[in-house]
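Okay, structure first, notes after.
There are 2 protein chains.
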Amino acid sequence: MSSDQTRSAILAAAERLYAERGFGDVTLRDIVAEANVNLAAVNYHFGSKDELIAELFVTRSIQTNRERLNELKAAEDKGGGRAAIEDIIRALVGPPLRGCLGPDREGSTAARFMIRASIESVPPIRRIKNREVDHLRKFAAAMRRAMPGRDDTELYWGLHFALAMAHHTIREKERLIRLSDGKCDLDDVAGIIDRVVAVSVVALTGGEVASKSPARPAVAHGRLTRQDL
Amino acid sequence: MSSDQTRSAILAAAERLYAERGFGDVTLRDIVAEANVNLAAVNYHFGSKDELIAELFVTRSIQTNRERLNELKAAEDKGGGRAAIEDIIRALVGPPLRGCLGPDREGSTAARFMIRASIESVPPIRRIKNREVDHLRKFAAAMRRAMPGRDDTELYWGLHFALAMAHHTIREKERLIRLSDGKCDLDDVAGIIDRVVAVSVVALTGGEVASKSPARPAVAHGRLTRQDL
DNA sequence: GATAGTTTCATACAATTGTTTGAAATGCAA
DNA sequence: TTGCATTTCAAACAATTGTATGAAACTATC
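Chain order of the listed sequences is A and B.
The letter at position 125 of the first sequence is residue 125 when you use this note's numbering, and the numbering goes up by one with no holes.
The letter at position 181 of the second sequence is residue 1181 when you use this note's numbering, and the numbering goes up by one with no holes.
Rendered as structure tokens:
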């Protein structure tokens, strides 16, 4: 078995086990058993258990961040360098929501792993998350360009609340289903994204934009377009 | 030393250590050393480490939940049995935000403990949080009374987003400060509550209420009154 | 096919951890 | 004081865990 095969087997097995059991009670011995490799292989290939977890998480994070930046770039290109605020928020919350929610992702190991990482916060993951600020600054900058004149503070709060709604929906998915007795459809990812974006936008614009929308929530049916706002 | 003294000493020491170091690397030996009691005392008085953590968390949770219900009751009494939606949201997010944020709470062990419990999610705490749904149902019911005719689904999403903003602000407090370079004042708890309430209300009412507010966020200065909406 | 570098393997290590035990101490009522 | 129940204590237990080791197996290059 080549070196890369072992590495990949460990990564795959670890992600699978972490996804279904959580970080708390998965040991290196569990992982190597699942991967059918020797115990020492983890330390040989990754240095330590924490570095293995870190590599798993950064891989998925980079993926999400790349999608985010791609969407942001596309939105800015579309607007001639200045993206619409709702498109910026959409680029921010869309990728993680699509990555973690949705019926097709139900069986996705990657999705469940990221949900775990979002719920249980282990040291190696926390360290990586702390570096996320630099990534978010790019979105803050885009928002500043989209809303010149708007106070920076308001902008940060809007960004913060948008992430709050997205992440909390991922984290507390099960609870919301239970609380709403299944009425909230967590499989309708597009609808959820629309909701988060709509609320974030009124939070940022102070409501004057939303005033044009009907009393019935604009996201009730179908996808929210810019015309709806 | 009487039995209760030992119990209390353990509880206090544990909360202090968990608050400052997190659940991950505080052992029973650390706790008993801090409390100046024997190692076996924890198992004698609490049964197990997990039950100690659970008791710490339920104590604080009950406290928050009681405050919430008190505020809800007061709001309903004020409105003759039917509370205004913004007062319901305020009763929901006010207590945890006041409990965990604010300059005076900076040194509060209880506050820092609850923040830890919100960030790191250990099994005994997760188990308790899962029971929180019943508590939230009371707020869903109050909201239903406040907004008759409104689709239940919208109501749950509004409740969910309100909690999202409150909890995420508690969880990611430090990151928001760093991201905003200190521009977001996390010590202005009343202002934060106003923000969360304002956004939640427009999320719930679909924006038609917020349309009467100025373009500048209504929460920029002072406390948001119902007239502001 | 010999050699050097890489990877695998079984095993041991060392430290930590929550928990248990049984005796000693303490408190308290009769 | 005696006797009984509660509480404390030092010590040991038992199991787990991440990591390190050194030899063996393997791979690729010359």
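Note that CB positions come from ideal geometry on N, CA and C, so glycine has one too.
A Cβ-Cβ separation of about 7 Å places L155 of chain A in contact with M147 of chain A under the 8 Å criterion.
Here N65 of chain A carries a helix assignment [DSSP, helix/strand/coil].
Exposure of L1039 of chain B is indicated by the presence of fewer than 16 other C-beta atoms within 10 angstroms of its C-beta. In this structure, the beta-carbon distance from H1168 of chain B to N1065 of chain B does not fall below 9 Å. Distance from V1093 of chain B to V1189 of chain B at the Cβ level is roughly 11 Å; contact not present, criterion being Cβ atoms closer than 8 Å.
Listed by position along chain B, the residues whose Cβ is nearer than 9 Å to that of V32 of chain A form an empty set, because the closest Cβ is around 23 Å away. Within the stretch 1135 to 1150 of chain B, contact with chain A at the beta-carbon level (separation under 9 Å) is assigned to L1136, R1137 and A1140. DSSP, read as helix, strand or coil, puts A84 of chain A in coil.
In this structure A1091 of chain B is buried. Its beta-carbon is surrounded by 16 or more other beta-carbon atoms within 10 angstroms. Taking 8 Å as the upper bound on Cβ-Cβ separation, chain A lies near residues L1159, H1160, F1161, L1163, A1164, M1165, H1167, H1168, T1169 and E1172 of the stretch 1159 to 1174 of chain B. In this chain, L186 of chain A is not harboured by any alpha helix (DSSP H), its DSSP state being neither H nor E.
The way I'd put it, the stretch 1072 to 1083 of chain B doesn't touch the stretch 1110 to 1126 of chain B; fewer than three beta-carbon pairs between them come closer than 8 Å. Between the beta-carbon of I177 of chain A and that of L97 of chain A there is about 15 Å, and that puts the pair past the 8 Å contact cut. Per DSSP, the continuous alpha helix (DSSP H) segment holding R126 of chain A begins and ends at P123 to N130. Taking 9 Å as the cut-off, the beta carbon of P124 of chain A is found no closer than this to the beta carbon of E15 of chain A. Of B:A1009, B:A1083, B:N1043 and B:I1170, the smallest CA-CA separation from R1105 of chain B is found for B:I1170.
Linking I85 of chain A to F161 of chain A through their CA atoms gives a straight-line distance of about 14 Å.
R21 of chain A is positioned such that its CB atom lies no closer than 9 Å to that of H45 of chain A. If you compare the alpha carbons of B:G1047, B:V1058 and B:E1120 with that of D1025 of chain B, the shortest gap goes to B:E1120. With at least 16 other beta carbons inside 10 angstroms of its own, E172 of chain A counts as buried.
Under the Cβ criterion of 9 Å, V1202 of chain B is counted among the residues facing chain A.
The beta carbon of R1116 of chain B sits closer than 8 Å to those of Y1018, A1019, G1022 and F1023, all from its chain and outside the five residues before and after it, given in chain order.
Around the Cβ of A141 of chain A, a 10 Å sphere holds fewer than 16 other Cβ atoms; the residue is exposed. For K49 of chain A, same chain residues with a beta-carbon under 7 Å away, outside a window of 5 residues either side, are L28 and V42 in chain order. Under a criterion of Cβ atoms nearer than 8 Å, the residues of chain A adjacent to K1183 of chain B are, in order, D152, T153 and Y156. Burial of R1068 of chain B is indicated by the presence of at least 16 other C-beta atoms within 10 angstroms of its C-beta. Apart from the 5 residues on each side of it in sequence, A35 of chain A sits with its Cβ closer than 6 Å to the Cβ of A9, I10 and A13 in its chain, given in chain order. For I128 of chain A and F57 of chain A, the gap between their C-alpha atoms comes out near 8 Å. By the criterion of a C-beta distance shorter than 6 Å, I1053 of chain B is surrounded in its chain by P1124, once the five residues flanking it on both sides are discounted.
Any Cβ of chain A closer than 9 Å to the Cβ of I1119 of chain B would place that residue at the interface, and such an atom is present.
Taking a contact as a CB-CB distance under 8 Å, the pair S200 of chain A and G158 of chain A counts as one, their CB atoms being some 6 Å apart. Within its own chain, the residues whose Cβ lies closer than 6 Å to the Cβ of P1095 of chain B, once the five positions on either side in sequence are excluded, are T1064, E1067 and R1068, listed in chain order.
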